Amino acid sequence: MCGIFGCIVKDANAAPTIHASLKRLEYRGYDSVGVATVQDGKLYLKKDQGKIDEVHAVHNLDDLPGNIGIGHTRWATHGAPLQINAHPHVDCSGQIAVVHNGIIENFSELKQELEGRGHVFKSKTDTEVIPHLIEENLRNNLSMSLADAVLETVKRLDGSYAIAVISTKEPDRIVCARHESPLVVGVNEKAVYCASDIPAFLPVTNKAVIVEDGELVTLSLGGYEIKKISDSKVVAREPKLIDWTPEMAVKQGYQHFMLKEIHEQPGTLRNTLRLQEHYLDLMATFLDRAHEVFLVACGTSYHACLASSYMFSKLAFLVTYPVIASEFVEQHGKSVNIDSTLLAVSQSGETADILAAVNAARQRAATILGLTNAIGSTLTRVSRVYIGQQSGPEIGVAATKTFTSQLSVLAGLALRLAKKRGKVSQDEMDFLAEKLEKLPDTVETVIQTQEEKVKQIAKKYKDAKAFFFLGRGISTATAYEGRLKLMEIAYVPAIAFPAGESKHGPISLVEPGFPVVFICPKDETYKTLIGNVMEMKARGASIIAVIEEGDEEIKRLADDYIEVPAGTPEVLSPISFVVPLQLLAYYMAVEKGYNPDTPRNLAKSVTVK
Ligand code: AGP
Numbered sequence: 006m007c008g009i010f011g012c013i014v015k016d017a018n019a020a021p022t023i024h025a026s027l028k029r030l031e032y033r034g035y036d037s038v039g040v041a042t043v044q045d046g047k048l049y050l051k052k053d054q055g056k057i058d059e060v061h062a063v064h065n066l067d068d069l070p071g072n073i074g075i076g077h078t079r080w081a082t083h084g085a086p087l088q089i090n091a092h093p094h095v096d097c098s099g100q101i102a103v104v105h106n107g108i109i110e111n112f113s114e115l116k117q118e119l120e121g122r123g124h125v126f127k128s129k130t131d132t133e134v135i136p137h138l139i140e141e142n143l144r145n146n147l148s149m150s151l152a153d154a155v156l157e158t159v160k161r162l163d164g165s166y167a168i169a170v171i172s173t174k175e176p177d178r179i180v181c182a183r184h185e186s187p188l189v190v191g192v193n194e195k196a197v198y199c200a201s202d203i204p205a206f207l208p209v210t211n212k213a214v215i216v217e218d219g220e221l222v223t224l225s226l227g228g229y230e231i232k233k234i235s236d237s238k239v240v241a242r243e244p245k246l247i248d249w250t251p252e253m254a255v256k257q258g259y260q261h262f263m264l265k266e267i268h269e270q271p272g273t274l275r276n277t278l279r280l281q282e283h284y285l286d287l288m289a290t291f292l293d294r295a296h297e298v299f300l301v302a303c304g305t306s307y308h309a310c311l312a313s314s315y316m317f318s319k320l321a322f323l324v325t326y327p328v329i330a331s332e333f334v335e336q337h338g339k340s341v342n343i344d345s346t347l348l349a350v351s352q353s354g355e356t357a358d359i360l361a362a363v364n365a366a367r368q369r370a371a372t373i374l375g376l377t378n379a380i381g382s383t384l385t386r387v388s389r390v391y392i393g394q395q396s397g398p399e400i401g402v403a404a405t406k407t408f409t410s411q412l413s414v415l416a417g418l419a420l421r422l423a424k425k426r427g428k429v430s431q432d433e434m435d436f437l438a439e440k441l442e443k444l445p446d447t448v449e450t451v452i453q454t455q456e457e458k459v460k461q462i463a464k465k466y467k468d469a470k471a472f473f474f475l476g477r478g479i480s481t482a483t484a485y486e487g488r489l490k491l492m493e494i495a496y497v498p499a500i501a502f503p504a505g506e507s508k509h510g511p512i513s514l515v516e517p518g519f520p521v522v523f524i525c526p527k528d529e530t531y532k533t534l535i536g537n538v539m540e541m542k543a544r545g546a547s548i549i550a551v552i553e554e555g556d557e558e559i560k561r562l563a564d565d566y567i568e569v570p571a572g573t574p575e576v577l578s579p580i581s582f583v584v585p586l587q588l589l590a591y592y593m594a595v596e597k598g599y600n601p602d603t604p605r606n607l608a609k610s611v612t613v614k
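Letter by letter, the sequence shown follows residues 6 to 614 of our numbering.
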């Protein structure tokens with residue numbers, strides 16, 4: 006997730022407006038920043054790695070001439086956060102500049118085609134193919150307008166994009182377009198704006214035009230013209246008056262970042278599924294060759310590792326050892342050797358416990374693999390191979406969208422490994438790959454149809470003194486994650502363990518009304534799980550069940566239930582079954598009057614051991 010911005014300003018330079026607006030978009034990405042403007046037939050551009058204030062202190066982002074320009078604040082997905090990979094990106098002639106938020110899936114083949122035509126690329130980004138495609142269109146048709154050149158260009162892009170384009174050839178136009186990534190236009194009597202998000206221009210105008218998917222907009226000081234990319238039909242759309250405060254706008258109208266990020270999951274999962282094949286294949290190769298694989302992480306990321314150990318085992322017949330990072334050295338430090346492989350999973354890529362485990366293993370010649378959301382983080386620098394999960398910045402301290410993205414990447418790895426090892430048939434492979442692709446829609450359905458019910462359940466149990474979270478098989482990991490969410494943001498004591506463990510001790514805690522959350526996908530463990538539900542029910546527990554849609558058997562047993570669409574294979578079920586638990590923790594915290602975004606005693610990245 007990055008922030009893009011563009012503006013044309015009457016009788017004033019655009020750069021100061023761009024700089025100020027990028028600051029308001031900084032929550033969308035902050036590893037590099039850039040601004041480009043046009044004046045008197047010349048393109049001016051400043052960009053560098055670093056936060057906006059750092060880059061401004063060095064380059065003075067206000068000091069670019071011209072009343073028209075674009076800007077970008079980056080969250081790296083393709084290409085490390087370096088000056089050369091910062092946006093805006095330009096064509097060979099240096100006359101066209103582009104900023105982009107999203108992921109171009111087919112950039113490799115487009116880049117190859119363009120290089121074959123003599124285009125020279127400077128960066129490692131997917132974005133850079135866009136200005137060169139526009140240049141190619143204009144070169145092949147000298148009478149083509151910038152808008153038409155952009156239109157032809159975006160028709161060739163697979164993936165997600167929100168772009169803004171300026172050119173010295175048409176110094177009074179900004180052309181922007183979107184597919185999946187957000188884009189809005191702002192207007193007032195002095196200027197016209199385009200941005201990833203309303204906060205960028207809300208302090209200077211509350212007149213916003215939402216650009217719909219598959220639309221291209223041409224901005225000029227006379228206003229804006231919207232066209233459908235598919236058939237170039239002009240679309241008439243009046244601005245809406247936005248009554249949000251700037252603070253609300255940054256959360257896109259949600260009360261908290263955590264709720265916004267839970268709702269973002271269909272989109273972030275789609276972006277995660279756009280990961281470049283060769284990164285996944287390369288990591289699968291390392292896993293395939295490994296003599297032993299440790300999955301090392303903390304907190305929520307550890308729960309992703311725990312779930313993935315079932316995926317690797319059931320799909321690829323690979324035994325892996327999920328290990329809490331802070332225990333790794335004690336537990337395995339002496340046994341790690343050159344034949345060991347560590348897959349470290351860390352949203353921030355900076356968690357001290359994980360880096361300590363990784364460093365200990367590196368000293369014993371182990372192979373280090375990394376899965377992170379932060380390209381350029383320490384974990385990416387110490388990993389032999391790493392994958393960036395492409396979830397965009399997560400502001401809420403509690404991990405939500407980054408967890409489901411981690412699961413999605415790990416499932417993709419397990420699938421590729423299974424194929425590499427010949428452990429799944431082509432049909433099974435296609436079936437699972439298709440189900441993984443469907444998960445964003447499944448998560449969207451859960452949120453849309455169950456959120457209200459979860460709110461009611463949170464109200465009903467808000468005074469409960471403690472909870473159990475129980476599951477069997479891979480759902481044990483889902484149970485652990487649901488428990489952590491409830492503890493860390495609603496401060497409710499909760500215990501999670503494999504449902505089969507209840508009779509080995511914990512069941513002694515259960516008394517009438519004790520809430521027990523069961524995770525109940527209809528997988529191989531379902532029948533046995535019914536027995537676990539009965540044993541809790543027999544002791545008067547209140548059964549809260551996350552079930553597959555239409556599961557009449559558990560509906561009869563449960564006091565409350567939340568339905569998840571049926572048909573998700575067991576190994577992928579944590580991705581959809583965790584969402585009701587994220588919502589439960591969120592609404593429980595709100596019911597109890599806490600701010601879920603800033604839970605007490607916690608930090609987003611634990612950089613101390
Ligand atoms: C998750 O909700 C917590 N904020 C915490 O457990 C977190 O998952 C853990 O600190 C690991 O962080 P990382 O993924 O950035 O390494």
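All residues carry an ideal CB built from backbone N, CA and C; glycine is no exception. Because the structure is a prediction, the values reported are computed rather than measured.
Requested in this report: Ignoring anything shorter than 3 residues or poking outside the region 243 to 304, list the beta strand (DSSP E) runs there in chain order.
Outcome: 297 to 302
Requested in this report: Go through the residues and name those whose CB comes closer than 5 Å to any heavy atom of ligand 1, in chain order.
Outcome: Cys303, Gly304, Thr305, Ser306, Ser351, Gln352, Ser353, Thr356, Ala403, Ala404, Val611
Query raised in the report: Looking at C-alpha atoms only, which residue of Ile392, Ala482, Arg144 is the closest neighbour of His308?
Result: Ala482
**Report entry** Ala471 (DSSP reduced to helix, strand or coil)
**Finding:** coil
Requested in this report: Look at the alpha carbon of Tyr315 and the alpha carbon of Val576, and state the distance between them as a whole number of angstroms.
Outcome: 7 Å
Report task. Give me the Cβ distance between Leu224 and Val197, rounded to the nearest whole Å; I'm assuming they're in contact under 8 Å. Result -> 5 Å
Query raised in the report: If you run the structure through DSSP and keep just helix, strand and coil, what is Glu558?
Result: helix
Requested in this report: Kindly indicate which three-state DSSP category Gln88 falls into: helix, strand or coil?
Outcome: helix
Query raised in the report: Which residues bound the alpha helix (DSSP H) around Ile623?
Result: There is simply no residue 623 to check, as the chain begins at 6 and stops at 614 in what is shown.
**Report entry** Beta-carbon proximity list for Gly258, same chain, < 7 Å, skipping 5 on both sides
**Finding:** Trp249
Requested in this report: From the DSSP output, in three-state form, read off Asp45 for me.
Outcome: coil
Report task. State buried or exposed for Leu246, treating a residue as buried only when at least 16 other CB atoms are found within 10 Å of its CB. Result -> exposed
Report task. Check the DSSP bridge columns for Ile179 and list the partner residues they point to. Result -> Leu224
Requested in this report: Would you please state the rounded distance, in angstroms, between the beta carbons of Glu140 and Cys97? I believe it to be under 8 Å.
Outcome: 6 Å
Query raised in the report: Helix or strand or just coil, what does DSSP make of Glu141?
Result: helix
Query raised in the report: Starting from Glu568 and walking both ways along the beta strand (DSSP E), at which residues does that stretch end?
Result: 565 to 569
Requested in this report: Use the C-beta contact count for Glu282: other C-beta atoms within 10 angstroms, 16 or more gives buried, fewer gives exposed.
Outcome: exposed
Report task. Pull up the distance between the alpha-carbon of Ser113 and that of Tyr32, whole angstroms please. Result -> 29 Å
Query raised in the report: Rounded to a whole number of angstroms, what is the C-alpha to C-alpha distance between Leu280 and Gly510?
Result: 44 Å
Query - Buried/exposed call for Pro520, threshold 16 Cβ in 10 Å - result: buried
Query raised in the report: Any idea if His296 is buried or exposed, counting beta-carbon neighbours within 10 angstroms, 16 or more meaning buried?
Result: exposed
Requested in this report: Give the straight-line distance between the Cα atoms of Met6 and Ser507, rounded to the nearest whole angstrom.
Outcome: 42 Å
Report task. Output the distance between the C-alpha atoms of His92 and Tyr35, rounded to the nearest integer angstrom. Result -> 12 Å
Query raised in the report: Three-state secondary structure (DSSP) at Asn146?
Result: coil
**Report entry** Short Cβ contact (8 Å threshold) for Cys303 with Val611
**Finding:** yes
Report task. For Pro21, name the three-state secondary structure that DSSP assigns. Result -> helix
Report task. Decide if the region 591 to 603 is in contact with the region 422 to 430; the criterion is three or more beta carbon pairs, one per stretch, under 8 Å apart. Result -> no
Query raised in the report: Which class does Ser345 belong to by DSSP, given the choice of helix, strand or coil?
Result: strand
Query raised in the report: Grouping DSSP H, G and I as helix and E and B as strand, with all else coil, what is Ala546?
Result: coil
**Report entry** Three-state class that DSSP yields for His77 in the structure shown
**Finding:** strand
Report task. Using DSSP bridges, identify the partner residues of Asp350. Result -> Here residue 350 is Val; the residue named in the question, Asp, does not match the sequence. Bridge partners of Val350: Leu376.
Report task. Take the Cβ of Phe473 as the centre, count every other Cβ of all protein chains shown within 10 Å, and call the residue buried at 16 or more, exposed below. Result -> buried
Query raised in the report: For Leu586, which option in Asn90, Lys232, His77, Met263 has the closest C-alpha, if you only look at C-alpha atoms?
Result: Met263
Requested in this report: Mind checking which residues open and close the alpha helix (DSSP H) that includes Val583?
Outcome: 578 to 596
Query - Close beta carbons around Phe582, own chain, < 7 Å, minus the five adjacent residues each side - result: Ser480, Thr483, Ile524, Pro526, Val551, Val569
Requested in this report: Please report how far the alpha carbon of Glu269 lies from the alpha carbon of Lys339, in whole angstroms.
Outcome: 42 Å
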